[in-house]
DNA sequence: GAAAATAATGTAAACGTTTACATTGATGTT
DNA sequence: AACATCAATGTAAACGTTTACATTATTTTC
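Quick look at the structure:
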């Protein structure tokens, strides 16, 4: 049985306004009265009805987090960072995944409307412009790793371009020229950025990126595995494989070993994201470090700034730099070594 | 700007009751009227206010999911399973993690109250009896891998005992006698069950489980790593290490290799949960398979059954069996082989 | 000790829905 | 032609809060 504010008021012998004041700790209420009311609240286990409160206050104390997917450690770490940040403010998280489906995104957005005070959207695949229409201007929104030309929203983007470029440069410095990449697919903005970084590293050094070394994955372990199987069907094998996330790198490693090659002595492998797993697999995985939980935290912080009006005006576009986490899955090679023989042009 | 039902009614030239009927698709409304109203709804992008609706209907279309933690693939997979199940019913998920802290559990529960139509609670550490008091009887609750003596709640428990026993038997069949375990800590019910299974396997075969081979971890990769470092400080090294989840197994593998031992030829390693990662690491990890996303799904299904009154009456206690996923991280050994020499008693 | 100022509390409107019941208008029955 | 039936729609109460404003009780001031 649920008690409401009227029950409390009656039992405490005061008006509902007084009970409300006590609960919200706001106005001046005589200490004595407060105690009486609190005692009743305690006794009746009274919790204010969130719907009633939300209705009048237009505040729900919940933040929506819309993710493209829930596979793997990456999203789990995003949720973790966001949940921590949100809990420290007494707020909570409504999580939903869209499976990259515009219909589901729309459904989730409809659901969120009126149910959350702010929204974090991560939708690297679908063009986010459509969302814009449905979203009330008054709702603080942070776009996380989304492609959007709309400058109205706050955005947080990890530097996929810079990270991939840095990693590629590192591999080139290590003597690699035939560097294959396993992408996250052509529609994924993150993957596009990383691919751009990879290609740019080559051209900036006067080398020509080789499209036949670009393989399409989908960020799953299995797709990393399968891409490598594909790679080994080709006549000449690359000396390094750069997977655009750690899951695919792990899948790739498995496949490489099945083909009878050693890592890193025969083939170097590296990943992207630097999920917690990376340092524990063997060989420990060289990866582009992304501060994943911090991404979630930053998004939440940003949203609270808007909510509490500390931040006004134009949208901010935060660019999160990445760093190289160099471990043991990549090896320095002599140019003209083992697997790489007759290839002049990479 | 948000429009409300009155705006729609005015613009459509009908009463709010008619608009409500159209929206809820319920009562008979003349087709012609329905179209007019729908056109206005579409035009105004009208979405009914969830608080107002929740207030009168006492239904929020959200399910709460309270997890102990958000680290690692296990919980991420639970969320995934639950989210899928929930979305198929047009519901959504409010996720919260308690960090195994009773205070936070209580805070989360307070928050959930009135905000969700049902609750899935996973709290393997803290005694769940306290929760009981705060929970309204009318709220469908499913306890997932919780210790509780309270038969009032529906529960779903994975068979940690059976799984661990089966795995231990498998290891014994492979010729292992000195089998170390890395647990999830003494307060964790899951860990306790698994430990009981491990010990039982020994005693049922007339062997004496050796307490000095039981090491305490906390389900993180790092704790698996550190436990192994501890193990290697002892005079005699076990022939097999059974980590009570895959994360710890992965940490263990790293440490074992650092100590210069090969897996599985020198030491066999196995895990528990069979997270998606398990089959991709090398050697692929032998593990006790738990249908993780299905756990989330089952919990949601159960809750919907209650919600839709398909299931009445006494609480159900579902017991989820596990299976052995045998891969390449464990090796058959001759009794009296390599590392195991002078040990008669295990 | 009365008036003025202030503190404490109460009253009632508002928030945006759903829905029982009332009303209207059309159709069928005698 | 009067009445009963039924479909379509409208009216208003209810859900449980917060809060502006009104009222009452208490303290201060002269």
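Residue numbers (this note's numbering), protein chains in the order written: chain A, 1 to 346; chain V, 1 to 346. All residues carry an ideal CB built from backbone N, CA and C; glycine is no exception. In this text, all values refer to a predicted model and were calculated from it rather than measured experimentally.
#1: Which residue's Cα is closest to the Cα of residue 66(A): 112(A), 91(A), 208(A)?
#2: For residue 139(A), which of helix, strand or coil comes out of DSSP?
#3: Quick check on the burial criterion: 16 or more other C-beta atoms within 10 angstroms. Buried or exposed for residue 98(V)?
#4: Here's the rule: buried if 16 or more other CB atoms are within 10 angstroms of the residue's CB, otherwise exposed. What is residue 136(V)?
#5: With residue 64(A) as the anchor, note down where its alpha helix (DSSP H) starts and where it stops.
#6: Closer than 9 angstroms, Cβ to Cβ, to anything on chain V: give me those residues from the region 265-279 of chain A, in chain order.
#7: Quick one: grab the DSSP three-state call for residue 365(A).
#8: Let me confirm a value: residue 179(V) is counted as buried when at least 16 other C-beta atoms fall within 10 Å, else exposed. Which label applies?
#9: Would residue 6(V) be called buried (16 or more neighbouring beta carbons within 10 Å of its own) or exposed?
#10: For a cutoff of 8 angstroms on Cβ pairs, would you count residue 43(A) as touching chain V?
#11: Look at the alpha carbon of residue 203(A) and the alpha carbon of residue 74(A), and state the distance between them as a whole number of angstroms.
#12: Given a cut-off of 8 angstroms on the beta-carbon distance, is the pair residue 86(A) and residue 56(A) in contact?
#13: What is the residue span of the alpha helix (DSSP H) that residue 44(A) lies within?
#14: Less than 8 angstroms between the beta carbons of residue 240(A) and residue 282(A), yes or no?
#15: Report yes or no: is there a C-beta of chain V within less than 8 angstroms of the C-beta of residue 317(A)?
#16: Assign residue 296(A) to buried or exposed, taking buried as 16 or more other Cβ atoms, counted over all protein chains shown, within 10 Å of its Cβ.
#17: Which stretch, first to last residue, makes up the alpha helix (DSSP H) that contains residue 90(V)?
#18: Compute the Euclidean distance between the alpha carbons of residue 16(A) and residue 9(A), then round it to the nearest angstrom.
#19: Of the choices 201(A), 328(A), 79(A), whose alpha-carbon is the least far from that of residue 165(A)?
#20: Looking at chain A, which residues of the region 229-252 of chain V have a Cβ within less than 9 angstroms of any of its Cβ atoms?
#21: I'd like to know whether the C-beta of residue 289(A) is nearer than 8 angstroms to at least one C-beta of chain V.
#22: Between the Cα of residue 195(A) and the Cα atoms of 228(A), 173(A), 243(A), which residue gives the shortest distance?
#23: What is the residue span of the beta strand (DSSP E) that residue 216(V) lies within?
#24: Is residue 294(V) close to chain A? Criterion is C-beta to C-beta, closer than 8 angstroms.
#25: Alpha carbon to alpha carbon, how far is residue 162(V) from residue 300(V)?
#26: Please determine, among 217(A), 171(A), 110(A), the residue with the shortest C-alpha to C-alpha distance to residue 199(A).
#27: Taking the beta strand (DSSP E) that residue 122(A) belongs to, which residues open and close that run?
#28: For the alpha helix (DSSP H) that residue 290(A) lies in, which residues bound it at each end?
#29: Expressed to the nearest angstrom, what Euclidean distance is found between the alpha-carbon atoms of residue 36(V) and residue 88(V)?
#30: Among 293(V), 287(V), 54(V), 316(V), whose alpha-carbon lies nearest the alpha-carbon of residue 303(V)?
#31: Looking at chain V, which residues of the region 89-116 of chain A have a Cβ within less than 9 angstroms of any of its Cβ atoms?
#32: Step through the CB atoms of chain V and report whether any lies within less than 8 angstroms of the CB of residue 325(A).
#33: Quick check on the burial criterion: 16 or more other C-beta atoms within 10 angstroms. Buried or exposed for residue 188(V)?
#34: Pop quiz: residue 292(A) and residue 176(A) are said to be a contact at Cβ under 8 angstroms. What is the actual Cβ separation, rounded to whole angstroms?
#35: Taking only beta-carbon atoms, is residue 55(A) less than 8 angstroms away from chain V?
#36: Taking the C-alpha atoms as reference points, what is the distance between residue 121(V) and residue 106(V)?
Quick answer:
#1: One-based indexing of the first chain puts residue 66(A) at position 66. The shortest CA-to-CA distance from residue 66(A) to any of 112(A), 91(A), 208(A) is the one to 112(A).
#2: Counting from one through the first chain, the residue named residue 139(A) turns up at place 139. Coil.
#3: For the purposes of this step, residue 98(V) is taken as the residue at position 98 of the second chain. Buried, since its Cβ has 16 or more Cβ neighbours within 10 Å.
#4: Your numbering for residue 136(V) matches position 136 in the second chain. Label assigned to residue 136(V): exposed.
#5: As a working mapping, residue 64(A) is identified with position 64 in the first chain. Here residue 64(A) belongs to no alpha helix (DSSP H); instead the beta strand (DSSP E) covers 62-67.
#6: Within the region 265-279 of chain A, the residues whose Cβ lies closer than 9 angstroms to any Cβ of chain V are, in chain order, 276, 277, 279.
#7: Residue 365(A) lies beyond the stretch modelled for chain A, which goes from 1 to 346, so this question has no answer here.
#8: The count along the second chain starts at 1 and reaches residue 179(V) at position 179. Buried, by the Cβ-count rule.
#9: Looking up residue 6(V) in the second chain gives position 6. Exposed is the call here.
#10: Locating residue 43(A) in the first chain gives position 43, counting from the first residue. No, residue 43(A) does not count as interfacial toward chain V.
#11: Position 203 of the first chain, counted from the start, is the residue given in the question as residue 203(A). Position 74 of the first chain, counted from the start, is the residue given in the question as residue 74(A). So the alpha carbons of these two residues sit roughly 30 angstroms apart.
#12: If you number the first chain from 1, residue 86(A) lands on position 86. If you number the first chain from 1, residue 56(A) lands on position 56. No, Cβ-Cβ distance for residue 86(A) and residue 56(A) is not below 8 angstroms.
#13: Within the first chain, the letter at position 44 stands for residue 44(A). Segment 31-44, the alpha helix (DSSP H) holding residue 44(A).
#14: Stepping through the first chain from its first residue, residue 240(A) is reached at position 240. Stepping through the first chain from its first residue, residue 282(A) is reached at position 282. Cβ atoms of residue 240(A) and residue 282(A): not closer than 8 angstroms.
#15: What you label residue 317(A) is simply residue 317 of the first chain in a count that begins at 1. Cβ-Cβ to chain V under 8 angstroms: no for residue 317(A).
#16: Numbered from its first residue, the first chain carries residue 296(A) at position 296. Residue 296(A) comes out buried.
#17: In the second chain, residue 90(V) corresponds to position 90, counting from 1. Where residue 90(V) is concerned, there is no enclosing alpha helix (DSSP H), given that its DSSP letter is neither H nor E.
#18: Here residue 16(A) refers to the residue found at position 16 when the first chain is read from its first residue. Here residue 9(A) refers to the residue found at position 9 when the first chain is read from its first residue. Answer to the nearest angstrom: the Cα atoms are 5 angstroms apart.
#19: Taking the first chain and counting its residues from 1, one reaches residue 165(A) at position 165. Checked all of 201(A), 328(A), 79(A); the closest Cα to residue 165(A) is 201(A).
#20: Correct list: 247, 250, 251.
#21: Indexing the first chain from 1 puts residue 289(A) at position 289. With 8 angstroms as the cut-off, residue 289(A) does not count as an interface residue toward chain V.
#22: Taking the first residue of the first chain as 1, we reach residue 195(A) at position 195. The shortest C-alpha separation from residue 195(A) is found at 243(A).
#23: Sequence index remark: in the second chain, residue 216(V) carries index 216 (1-based). 214-216 is the span of the beta strand (DSSP E), which, as asked, contains residue 216(V).
#24: Locating residue 294(V) in the second chain gives position 294, where the first residue counts as 1. At a cut-off of 8 angstroms, the C-beta of residue 294(V) has no neighbouring C-beta in chain A.
#25: Translated into positions along the second chain, residue 162(V) becomes position 162. Translated into positions along the second chain, residue 300(V) becomes position 300. Taking the straight line from one Cα to the other gives about 24 angstroms.
#26: As a first step, residue 199(A) is located in the first chain; it is residue number 199 there, counting from the start. The shortest CA-to-CA distance from residue 199(A) to any of 217(A), 171(A), 110(A) is the one to 171(A).
#27: Along the first chain, read from residue 1 onward, the residue named residue 122(A) stands at position 122. Counted as a single uninterrupted DSSP element, the beta strand (DSSP E) harbouring residue 122(A) occupies residues 118-122.
#28: What you label residue 290(A) is simply residue 290 of the first chain in a count that begins at 1. Element bounds for residue 290(A): n/a, residue is neither H nor E.
#29: Taking the second chain and counting its residues from 1, the one referred to as residue 36(V) is at position 36. Taking the second chain and counting its residues from 1, the one referred to as residue 88(V) is at position 88. Their Cα atoms are separated by approximately 30 angstroms.
#30: Numbered from its first residue, the second chain carries residue 303(V) at position 303. Among 293(V), 287(V), 54(V), 316(V), the Cα nearest to that of residue 303(V) is on 316(V).
#31: Listed by position, the residues of the region 89-116 of chain A near chain V (Cβ gap below 9 angstroms) are 90, 91, 92, 93, 94, 95, 96, 97, 99, 104, 107, 108, 110, 111, 112, 113, 114, 115.
#32: Here residue 325(A) is taken as the residue at index 325 of the first chain, counted from 1. Chain V contact via Cβ: absent.
#33: Here the question's residue 188(V) lines up with position 188 in the second chain. Residue burial annotation: residue 188(V) is buried, with at least 16 other C-beta atoms found within 10 angstroms of its C-beta.
#34: Reading the first chain from its first residue, position 292 is the one you call residue 292(A). Reading the first chain from its first residue, position 176 is the one you call residue 176(A). Between residue 292(A) and residue 176(A), the beta carbon gap of about 27 angstroms keeps them out of contact (Cβ cut-off 8 angstroms).
#35: The residue given as residue 55(A) occupies position 55 in the first chain. It does: the Cβ of residue 55(A) has a partner Cβ on chain V nearer than 8 angstroms.
#36: Locating residue 121(V) in the second chain gives position 121, counting from the first residue. Locating residue 106(V) in the second chain gives position 106, counting from the first residue. Going by the C-alpha atoms only, they are around 12 angstroms apart.
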